Structure formats: C-alpha cells, structure tokens
Amino acid sequence: MCVPSSIGTPCAGPENCNGECLNGFCGCSGIAHERQLESSPLDVYLILDRTGSMGTDCAYVAGSSPPVSSKACFATYALADYLVEVSPVVDTSLAFSVMSLSNDCTGSSYDPALIAQTSLPVTADSALVQRISDEDFSGGYGTRIEGALRGIANYTSNHQTSGREMIGVLITDGDATQCDTNNSNLAGIIGDHLANTGLRTFIIGMDGASEAKLEELAIAGGAEPHDDFCGGVTPPCHYWNVGDGSGDVLANALQAITQQAVPLPCEIDVTGLTAPAGEELDYTRVNVTLTQGETVTTIPQAATGDSCPSDQPAWYYDAPSAPTKIYLCENACDEVSAAGDGAELNVVAGCTSTIVVQ
Numbered sequence: 003m004c005v006p007s008s009i010g011t012p013c014a015g016p017e018n019c020n021g022e023c024l025n026g027f028c029g030c031s032g033i034a035h036e037r038q039l040e041s042s043p044l045d046v047y048l049i050l051d052r053t054g055s056m057g058t059d060c061a062y063v064a065g066s067s068p069p070v071s072s073k074a075c076f077a078t079y080a081l082a083d084y085l086v087e088v089s090p091v092v093d094t095s096l097a098f099s100v101m102s103l104s105n106d107c108t109g110s111s112y113d114p115a116l117i118a119q120t121s122l123p124v125t126a127d128s129a130l131v132q133r134i135s136d137e138d139f140s141g142g143y144g145t146r147i148e149g150a151l152r153g154i155a156n157y158t159s160n161h162q163t164s165g166r167e168m169i170g171v172l173i174t175d176g177d178a179t180q181c182d183t184n185n186s187n188l189a190g191i192i193g194d195h196l197a198n199t200g201l202r203t204f205i206i207g208m209d210g211a212s213e214a215k216l217e218e219l220a221i222a223g224g225a226e227p228h229d230d231f232c233g234g235v236t237p238p239c240h241y242w243n244v245g246d247g248s249g250d251v252l253a254n255a256l257q258a259i260t261q262q263a264v265p266l267p268c269e270i271d272v273t274g275l276t277a278p279a280g281e282e283l284d285y286t287r288v289n290v291t292l293t294q295g296e297t298v299t300t301i302p303q304a305a306t307g308d309s310c311p312s313d314q315p316a317w318y319y320d321a322p323s324a325p326t327k328i329y330l331c332e333n334a335c336d337e338v339s340a341a342g343d344g345a346e347l348n349v350v351a352g353c354t355s356t357i358v359v360q
C-alpha cells in the first residue's frame, strides 16, 4: 500500500521523487500497517472523603476562588471547576458519593450513588456540582475506607456497561480509623476486584494520609506507574498526592487518571510488522504517520524515550536493535489522542529511511 506523507521535499511527479509522489510530497512507498483510532467511552465512580479532618467547608460559586483555605474548600472548588470545564477526549460520565456518610463497612450504602452517572461536562447549577457544594464535611463516623472500597467494587461491578470502560476513584486525607484498618486487607479488596473483573480503582491522597499506605492501595487497584504528584514516594508511583487540594493539582490528577483508564493508542506492537514483498524487514526504514482526513503527518523518531523532544511529537523503539514496541512520546500521544475517532495511526515499513527528530 502506498502511503502519502510529508517525507522528503515537495514533488511535481515521480521523476523527482525516489518514492511515491502523492499530494505534492515525496512519500514512502512501503507497506502501511493501519491502526484505527477509537477510544472506549468512560464511566467514573468517585468517592470523596467527608470526614472532619478535611476542615471547614464552603459553598461553590462559579468563577470565584475558594473563600476558605481548607482541604474541604479547595477540593470543593477543584472538583466543581473540573466537572464544569473538562473537555473529555471520549464520552465520559461520573457518579458521586462521599465516604463515611454512614457507619457502613460493607459498601452497601454506596449503591445507589448519591448522584447517578452524569455526562461531563456539566453546568455549575447541575445536581452533581450542587451536591459537592452542599457537602458540610461534618464527619462523625471516622475514616471508613473499607466501606468506600467495597462500595467502589460493588458499584462498578453492578453498573458496568458493555462497550464502556468503568473505574473507581477514592479521594481521602486520612488512614482508616474504623471498620477494617489493616491496609493489606484493604488493598486486597480492590486487588481481588481487579483480578475478578478487570476494573481498576485509583487513589488520590491529600495532606494527612499515609503516603505509603495509599501507594499500596493504588498498586493493588491497578494504576500504572507515573512520575506526577508522587509526594514523598520515590517516583515512579501509582497514586496521586494533591497536597491540600489547592490550585490545579486535583484536576490534573483526575485528567491523568482518565488518560490511564481509557486505552490510548500510544504503544504499538511491532512484532507482526512485515516488509514489502521481496524485501527484508529493516527497522531503520520504518516511519510512523498520523492520518486525519486528507492530511497525513509524519511523526519523527527520537533515539530513546529520554530524548523525546519538548517542542514536537516523536516516537521511539523499546529496544532499537531488536524492537518489539513503538512508544509515542508524551506530546505525540497527546496529538494522536486528540485526533479523535476515525483517524489512523500508520506504521510504514520499507521506506528509504526513517525520518528522525532534527
């Protein structure tokens, strides 16, 4: 299959192009292995710690700043702003509950959710934002993490929809003080849930919680390692530490979680890559292109993941001498993810050479 691209220089015809002259550019005439870009819709069940240690509450007023310097008020504003302003890459809905609203340790009080699955983004006067704004963080039943984790496991199991990804998210500022307080047992709840259903649980910690304990929960819940907001845990970590919740850190953590949850086309298996007929596969003659309608963009290669450029999209091999995967650098992953359904990511073998980062 001939693939047009921006490889080389503009051309008027095949006489001044040693590949294919298509759409005015000299392009690679190798074999394209196409990957249609389609992401699964996402459903999120978020549970927020409402215990007294979160501090003084406040009401959310759209377009304003938190009037109280407390974890409760910062979280109220950060969550509400995120839900109103988010621009999901895929169809996303969110259900909401709070932790320790009752003395439940079994998780039964978390289904149904306080606010059922709601498509994002929402308006500032939506039931979802109003419920978050109205929370008074009065506590009274202690930090019942067991109940919340069992609630996430039960709810996500019972409300998973075919063709949609489902995840749970717990935001807490403390360690378990009621119900089962053994952290290994708590990790086992969501670890077993992941093993039995494939559904992941993500953990966001605020000031006051034991980072090591939350990291243990996050590993069990199935989060992938990352280097963002690790707090006192040596990166890479699996949970997100958002401190007191002020600023954009909570919104950024939620965005990172949704990007982990929805399969993104940022890792490509090349073990099945084939060369054009009569040629041997040469990994130094491979290019990656992104096709959006009539526009084809060649993504250049970086030598390694550490050499990913900050000013342009790029990709790299896992092992250049004997590659099994192509990884997109972060900015290339963002560009490909934003391309939307219907775009194509092509790995083209049999090119004259590989276009590299300049």
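Going left to right, the sequence shown walks through residues 3 to 360 as the working numbering numbers them.
Glycine included, each C-beta is placed from N, C-alpha and C at the ideal position.
As the structure is a prediction and not an experimental result, all values here were calculated from the model.
_Between the alpha carbons of T53 and Y112, how many angstroms are there, rounded?_
16 Å
*T276 versus P311: straight-line alpha-carbon distance, rounded*: 28 Å
_Please classify E246 as buried or exposed, where buried requires at least 16 neighbouring CB atoms within 10 angstroms._
The question names Glu, but residue 246 is Asp in the sequence shown. Burial call: buried.
_Backbone CA spacing between S135 and I169 [nearest angstrom]_ = 23 Å
*asked:* For V46 and L85, which I take to be in contact (beta-carbon distance under 8 Å), what is that distance rounded to the nearest angstrom?
replied: Not a contact, Cβ separation roughly 10 Å.
_Among A77, K215, E226, I147, whose alpha-carbon lies nearest the alpha-carbon of N105?_
Out of A77, K215, E226, I147, the CA that lies nearest to the CA of N105 is found in I147.
*So, T78 versus V70, is the Cβ gap smaller than 7 Å?*
no
*Which residue from R202, T297, C335 puts its Cα closest to that of Q314?*
C335
*Beta-carbon proximity list for T163, same chain, < 7 Å, skipping 5 on both sides*: D45
_If I follow the unbroken beta strand (DSSP E) through F98, where does it start and stop?_
94-101
*For the alpha helix (DSSP H) holding N105, just list the boundary residues, first then last.*
Neither: N105 is in no alpha helix (DSSP H) and is coded neither H nor E.
*Who are the Cβ neighbours of L81 in its own chain at under 6 Å, not counting the five residues just before and after it?*
Closer than 6 Å at Cβ, skipping near neighbours: I134.
*Evaluate G223 with the Cβ neighbour count: other Cβ atoms within 10 Å of its Cβ, from every protein chain shown; 16 or more gives buried, anything less gives exposed.*
buried
*N160 versus V264 - alpha carbon distance*: 20 Å
*Can you have a look at I357 and say buried or exposed, based on whether 16 or more other CB atoms are within 10 angstroms of its CB?*
The residue in question, I357, is buried, as its Cβ has 16 or more Cβ neighbours within 10 Å.
*Check the C-beta distance from V272 over to V338 and give it rounded, since I have them as a contact under 8 Å.*
That belief does not hold up - the Cβ atoms of V272 and V338 are roughly 16 Å apart, past 8 Å.
*Rounded straight-line distance, which links the Cα of A189 to that of A61*: 33 Å
*From what residue to what residue does the beta strand (DSSP E) around S339 run?*
Counting along the chain, S339 falls outside any beta strand (DSSP E), though it belongs to the alpha helix (DSSP H) covering 332-340.
*Rounded to whole angstroms, what's the CA-CA distance from G307 to Q132? Just pull it up for me.*
44 Å
*Which residues does DSSP pair with V84 in a beta bridge?*
In the sequence as presented, Val is not what sits at residue 84; that position holds Tyr. According to DSSP, which records beta bridges pairwise, Y84 is partnered with nothing at all.
_So, under 8 Å CB-CB, C108 and G149 are touching, yes? Tell me the CB distance rounded to an integer number of Å._
Inspection of the sequence shows that residue 108 is occupied by Thr rather than by Cys. Sure, about 7 Å apart at Cβ, within 8 Å.
*Could you tell me the distance, in whole angstroms, from the CA atom of Y157 to the CA atom of L151?*
10 Å
*Please work out which residues of its chain come closer than 8 Å, Cβ to Cβ, to D209, disregarding the five sequence neighbours upstream and downstream, and give them in chain order.*
K73, D175, G245, D246
*Using a beta-carbon distance below 7 Å, is F204 in contact with chain B?*
Among the chains in the structure shown there is no chain B, since it carries only a single protein chain.
*Which of helix, strand or coil does DSSP assign to C310?*
coil
*How about the region 196-215 and the region 228-244: do they share at least three Cβ pairs that are nearer than 8 Å?*
They touch, by the three-pair rule.
_Sub-7 Å separation of L122 and S99 beta-carbons_ = Taking C-beta atoms as the reference points, L122 and S99 fail to come closer than 7 Å.
*Just to confirm, does C335 get its C-beta within under 6 Å of one of the non-hydrogen atoms of the ligand SAH?*
Judged by which ligands are present, the structure shown has none, so any question about the ligand SAH falls away.
_Quick check: P90 and R166, are their CB atoms within less than 7 Å of each other?_
P90 places its beta carbon 7 Å or farther from that of R166.
*When you compare only the Cα positions, how much space is there between F76 and V171?*
Spanning the two alpha carbons is a distance of roughly 18 Å.
_Which of helix, strand or coil DSSP assigns to E148_ = Note: E148 maps to helix in three-state DSSP.
_Local conformation of V288 per DSSP, three classes_ = strand
*Figure out for me which residue from A324, L292, P325, T297 has the closest Cα to the Cα of A316.*
L292
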